[in-house]
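Participant: Got a structure here, written out as structure tokens. Questions coming.
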Amino acid sequence: MSPLPKRTIASLLAALVALPIVAPMAALAQDEAAADVNLTVWSWRPEDEDAYNEIFDVYEAAHPGVTVEFVPYVNTDYNNILATGLTGDGGPDVAQVRSYGGVQPLIEAGQLLALDDKIDTLGNFPPLALKSQTGQADGLVYGVPIAYQAFTAFYNKAIFDELGLEEPQTWDEFVTVLDTLKENDYIPISTPAKDNWMIPIVMDAIGAPRYGGQQFEQDILAGKTDFTDPDYVAAIELMNWLLPYLPEDVVGVSYEDSRALFLNELAGIFLGGSFEVGYWRDNGPDLDLGVFEVPAPPDSLAPASVVGWYDGAFGVNANSDHPDEALALVEWMGTEEFGQLYTEKVKQLSAVPGTTPEDPLLAEFGELFAASPVSYLDLVDFRYGQPTGDSLLRDGIIAMWLGEKTAEEVAADVQAGISQWFTPSGE
Amino acid sequence: MAEAPTPRSEARSASGSGVGRAAPPRRVLLVFIAPAFVLYTLFLIYPLVQALIFSLFEWKSTVRGDFVGLDNFTELFTRFPLDEQLPRAFIHNIVFYLVTMAVMVTLALLFAVLLQRARRGRGFLRVVYVLPYMISPLVVGYIWSLILNPTFGPVNSVLKELGLGELARPWLGDPSLAFPVVILVNAWYYLGFPMLLFAAGLAAIPEDYAEAAEVDGASTWQVFRHVTFPLLIPVFGTVAILTFIYSFNVFGLVWALSGVDGGPVGTTDVLGLLFYRTAFTGGVNAFGTASALAVVMFLAIFGVSMTARWWFGRLEEGLS
Chain A
6 MSPLPKRTIA SLLAALVALP IVAPMAALAQ DEAAADVNLT VWSWRPEDED AYNEIFDVYE
66 AAHPGVTVEF VPYVNTDYNN ILATGLTGDG GPDVAQVRSY GGVQPLIEAG QLLALDDKID
126 TLGNFPPLAL KSQTGQADGL VYGVPIAYQA FTAFYNKAIF DELGLEEPQT WDEFVTVLDT
186 LKENDYIPIS TPAKDNWMIP IVMDAIGAPR YGGQQFEQDI LAGKTDFTDP DYVAAIELMN
246 WLLPYLPEDV VGVSYEDSRA LFLNELAGIF LGGSFEVGYW RDNGPDLDLG VFEVPAPPDS
306 LAPASVVGWY DGAFGVNANS DHPDEALALV EWMGTEEFGQ LYTEKVKQLS AVPGTTPEDP
366 LLAEFGELFA ASPVSYLDLV DFRYGQPTGD SLLRDGIIAM WLGEKTAEEV AADVQAGISQ
426 WFTPSGE
Chain B
19 MAEAPTPRSE ARSASGSGVG RAAPPRRVLL VFIAPAFVLY TLFLIYPLVQ ALIFSLFEWK
79 STVRGDFVGL DNFTELFTRF PLDEQLPRAF IHNIVFYLVT MAVMVTLALL FAVLLQRARR
139 GRGFLRVVYV LPYMISPLVV GYIWSLILNP TFGPVNSVLK ELGLGELARP WLGDPSLAFP
199 VVILVNAWYY LGFPMLLFAA GLAAIPEDYA EAAEVDGAST WQVFRHVTFP LLIPVFGTVA
259 ILTFIYSFNV FGLVWALSGV DGGPVGTTDV LGLLFYRTAF TGGVNAFGTA SALAVVMFLA
319 IFGVSMTARW WFGRLEEGLS
């Protein structure tokens, strides 16, 4: 065997000397690659994909090694897709979840992480916001609220100006506005009833002051009253009073029709939510719109109010492969930075206090709700069992409009349905 | 009249006389049956058994809880307003079936007979009649909901233009009109399918029979009544059973026309919609209640279909 050349020996020695230095560096590089985490966020809002991608770009810039992938699904199938995804592998790390009764199946199935002792930014939210994500059984919070919605009256300023109308401050002025619109061949209030989900919200927008608003909510939860209360019946009866001011054959009018009537300036007022603002801006950019609080009707037990509710949250999948990174992302979603980005990019009212929408109309909704809030009762408190309060009320009100039921019978049906699963705290 | 040989009698005579090829070995038969059997088991039997098992448990979203026996079935029949909605939807499905059969089978048979006699445009007209059936029921329902829209729809606009404004209606919003309108739209959509079956049945009847009857002095009506119609009984049986199964599974068309609640005030509610609501907006135990409903629906459809098949079989034998 011939001896090794000097140059080879030198190279081997150099390699031996370099090894202790190079090896840890290589291992370090390997660790860095392993630390790259891709978080998936599922949502029911395909229309917000671009906005969320911009928001998550901000997060990724501040958190090197973490990428956030926004995966939206069609809204109507989302609950089922999410429930299936959370059951096995392949689910999201972070999921947009419904509020109130809508999130309870996921909580009871143990598919979401409780956030109480893991997320400091939960402290930024008021108790009403956290209620929307609280487990009925254990009282723990499972989601960081994203948005809230407020619901009251949009009006067409051009039509109001044409007829010399002002934003009504009293019930009498409200009635005068409606009568004037009707006399001038405008539909006073556009609202749908073929798509009937809006009916219970409209009832609260008009009738919550009549039945007592927040006080009634406290009393019914405590078992001091129920839905057959004469004041609640009177609020249902107000929907009968409203009927002549709605589009002709309203039970055949779909949600899209009702929006088209308002967009095409055939209707003066649209009772709707802050979630409509983006739609009006996109589809009727030239419409000059205003918003006013519906005045309290006669014999009201509470002052005029604006109906509202928290709408959606982000929760962490209990089976996530990256729970720490997912919790860090959700923690950030509770900050003012995220809230402000959300309201600017997604154009909704952020649930994070202290955030300001850019759109003045959206901002006005926020201000009106902050000044005189009242819960959308059937969603906030009576969607935790079957049948839900809103499903009973909307069917009942349509039956009343068609002359098949009285307001008392509608109220009795709501109470009969609810009492199968609802137990007041006082009992 | 001499008895026409049927495929069944031909098969009997072939095997009875020992003429023809011997039956293949059992394992060859199994190889041919296996693919269909596997698919059938996987996509029909297995889900059915799963639904039955699901219906006996309590569910928390997609996680199975305790065994609860028949509690989910009890809930289906006792919980307000399900206890009212279930029989109402069931009755609607029956009415839907009966009216669909009466309207659609009459028209389908009429068009099939007329098309058979048509000298020109037979192929074109057949495609035209079958075309709606080739479109998704959701699309058909959506298009008709636009046509019948009370505010912007062309039906009411045309009526108003013609000075018949008093006839304009909220077609899908009036409780007394909505269900008949849904059934008629469905008849329009579904007509092509039974028409094709009747056309195939008519084509299979040898022309000699009608010619022989005519030679004997039978009128056109008598030929139809005493020759063609009895020979179409098997097709009637097939159409009746398939339409029954279709009517009890109807969903997309009604959903697109009337919404998920089968409005107004549940006047167009059917079992398919009720199942959808129970399964997807039914709360924590939705899987349990919805599975129980699926089992009840299956038992009803299966039971009636088997009974109808037996009845039509007897009728067929009585005529042959």
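Heads up: the sequence lines are chains A and B, in that order.
Just so you know, we're using the numbering used here here: the first sequence kicks off at 6 and counts up by one.
Just so you know, we're using the numbering used here here: the second sequence kicks off at 19 and counts up by one.
All C-beta atoms, glycine included, are put in the ideal place defined by N, C-alpha and C.
Going by alpha carbons, who is nearest to B/PHE85 out of B/GLU229, B/TRP273, B/VAL245 and B/ILE71?
Facilitator: Closest option to B/PHE85, Cα to Cα, is B/ILE71.
Participant: Would you list, in sequence order, the uninterrupted beta strand (DSSP E) runs of no fewer than 3 residues that lie entirely inside the stretch 134-168 of chain A?
Facilitator: Taking only runs of at least 3 residues, the beta strand (DSSP E) segments lying wholly in the stretch 134-168 of chain A are 149-161.
Participant: Should B/LEU57 go down as buried or exposed, given a rule of 16 or more other Cβ atoms within 10 Å for buried?
Facilitator: So B/LEU57 counts as exposed.
Participant: Quick one: what's got a C-beta closer than 6 Å to A/ALA3's C-beta in the same chain, skipping five residues either side?
Facilitator: Not covered by the structure: residue 3 of chain A. The range shown for chain A is 6 to 432.
Participant: Could you name the residues of chain B that A/LEU384 contacts, counting a contact when the two beta carbons are closer than 7 Å?
Facilitator: What A/LEU384 touches in chain B: nothing, since even the nearest Cβ is about 13 Å away.
Participant: Taking Cβ to Cβ, would you say B/PRO168 is nearer than 8 Å to B/PRO198?
Facilitator: No.
Participant: Name the chain A residues whose beta carbon is nearer than 7 Å to that of B/ASN167?
Facilitator: ASP262, listed in chain order.
Participant: Would you say A/GLU409 lies against chain B (beta-carbon separation less than 8 Å)?
Facilitator: Yes, its Cβ sits closer than 8 Å to a Cβ of chain B.
Participant: Do we get a CB-CB distance below 8 Å when we pair B/SER79 with the residues of chain A?
Facilitator: Cβ-Cβ to chain A under 8 Å: yes for B/SER79.
Participant: Taking the alpha-carbon of A/ALA66 as reference, which of A/LYS352, A/LEU334 and A/VAL258 has the nearest alpha-carbon?
Facilitator: With distances taken between Cα atoms, A/ALA66 lies closest to A/LEU334.
Participant: Over the uninterrupted beta strand (DSSP E) stretch that includes A/TRP202, give me the two end residues.
Facilitator: That residue, A/TRP202, is in no beta strand (DSSP E); it is neither H nor E in DSSP.
Participant: Does any residue of chain B have a CB that is nearer than 8 Å to the CB of A/PRO110?
Facilitator: Cβ-Cβ to chain B under 8 Å: yes for A/PRO110.
Participant: Once DSSP output is grouped into helix, strand and coil, what is the label at B/ALA136?
Facilitator: Coil.
Participant: If I follow the unbroken alpha helix (DSSP H) through A/PHE221, where does it start and stop?
Facilitator: Here the alpha helix (DSSP H) through A/PHE221 covers 218-227.
Participant: At a cut of 8 Å, does the stretch 234-245 of chain A reach the stretch 212-220 of chain A through at least three beta carbon pairs?
Facilitator: In short, these stretches touch, since the Cβ pair count reaches three.
Participant: According to DSSP, A/GLU74 sits in a beta bridge with which residue or residues?
Facilitator: Per DSSP, A/THR45.
Participant: Tell me which residues share the same chain as A/VAL27 and place their Cβ nearer than 7 Å to its Cβ, disregarding the 5 neighbours each side in the sequence.
Facilitator: The pLDDT assigned to A/VAL27 is 46, lower than 50, so where the model puts this residue is not dependable; a value taken from the coordinates is nonetheless given after this. Closer than 7 Å at the Cβ level, and outside the excluded window around A/VAL27, lies no residue.
Participant: Looking at B/ASN90: is its Cβ nearer than 8 Å to the Cβ of B/GLY306?
Facilitator: The answer is yes: Cβ separation under 8 Å.
Participant: What does B/GLY300 reach in chain A if we use C-beta pairs closer than 8 Å?
Facilitator: Per Cβ cutoff of 8 Å: GLN391.
Participant: Does B/LEU311 pass the burial test, meaning 16 or more other C-beta atoms within 10 Å, or should it be called exposed?
Facilitator: With 16 or more other Cβ atoms within 10 Å, it is buried.
Participant: If we ignore side chains and look at the alpha-carbon of each, how far apart do A/ARG141 and B/VAL257 end up?
Facilitator: According to the sequence as given, residue 141 of chain A is Gln; it is not Arg. Those two C-alpha atoms are separated by around 51 Å.
Participant: So, for A/ASP41: in the same chain, excluding its five sequence neighbours on each side, which residues have a beta-carbon less than 6 Å away from its beta-carbon?
Facilitator: Closer than 6 Å at the Cβ level, and outside the excluded window around A/ASP41, lie GLY70.
Participant: Once you ignore the five residues that flank A/PHE343 on each side, which residues in its own chain have a CB closer than 6 Å to its CB?
Facilitator: For A/PHE343, where only same-chain residues beyond five positions count, the Cβ hits under 6 Å are TRP337.
Participant: Could you confirm whether any beta carbon from chain A is found closer than 8 Å to the beta carbon of B/LEU190?
Facilitator: Closer than 8 Å to some Cβ of chain A, the Cβ of B/LEU190 qualifies, so yes.
Participant: Please say whether B/TYR151 and B/TYR12 have beta carbons closer to each other than 8 Å?
Facilitator: This structure leaves residue 12 of chain B out entirely; chain B is present only between 19 and 338.
Participant: According to DSSP, A/VAL321 sits in a beta bridge with which residue or residues?
Facilitator: DSSP, once it has assigned bridges, lists A/VAL99 as partnering A/VAL321.
Participant: Which residues in chain B have a C-beta closer than 9 Å to the C-beta of A/PRO69? List them in chain order.
Facilitator: The premise fails here: A/PRO69 is roughly 36 Å from chain B at the closest Cβ pair, so nothing lies under 9 Å.
Participant: Under 7 Å Cβ to Cβ from B/LEU215, same chain only, skipping five residues before and after it: list those, please.
Facilitator: Result list for B/LEU215: VAL253, THR256 and VAL257, in chain order.
Participant: Given that a residue counts as buried once 16 or more other Cβ atoms are within 10 Å of its Cβ, and exposed if not, what is A/GLY128?
Facilitator: Exposed: under 16 other Cβ atoms inside 10 Å.
Participant: Cβ closer than 8 Å: which chain B residues qualify as neighbours of A/GLN353?
Facilitator: Result: empty, since nearest Cβ-Cβ is about 23 Å, beyond 8 Å.
Participant: Taking B/PRO212 as the reference, which of B/GLN103, B/PRO105 and B/ALA130 has the closest Cα?
Facilitator: Of the listed residues, the one whose Cα sits closest to B/PRO212 is B/ALA130.
Participant: Secondary structure at B/VAL81, three-state DSSP: helix, strand or coil?
Facilitator: In the structure shown, B/VAL81 sits in a strand (DSSP, three-state: E or B).
Participant: What residues match up with A/ILE192 in a beta bridge as DSSP calls it?
Facilitator: The partner list for A/ILE192 (beta bridge, DSSP) reads A/ALA272.
Participant: Would you say A/VAL79 lies against chain B (beta-carbon separation less than 8 Å)?
Facilitator: Not closer than 8 Å to any Cβ of chain B, the Cβ of A/VAL79 fails to qualify, so no.
Participant: According to DSSP, is A/SER104 helix, strand or coil?
Facilitator: Reduced to three states, the DSSP call for A/SER104 is coil.
Participant: Could you list the residues in the stretch 225-242 of chain A with a C-beta less than 9 Å from some C-beta on chain B, going in chain order?
Facilitator: Residues: none.
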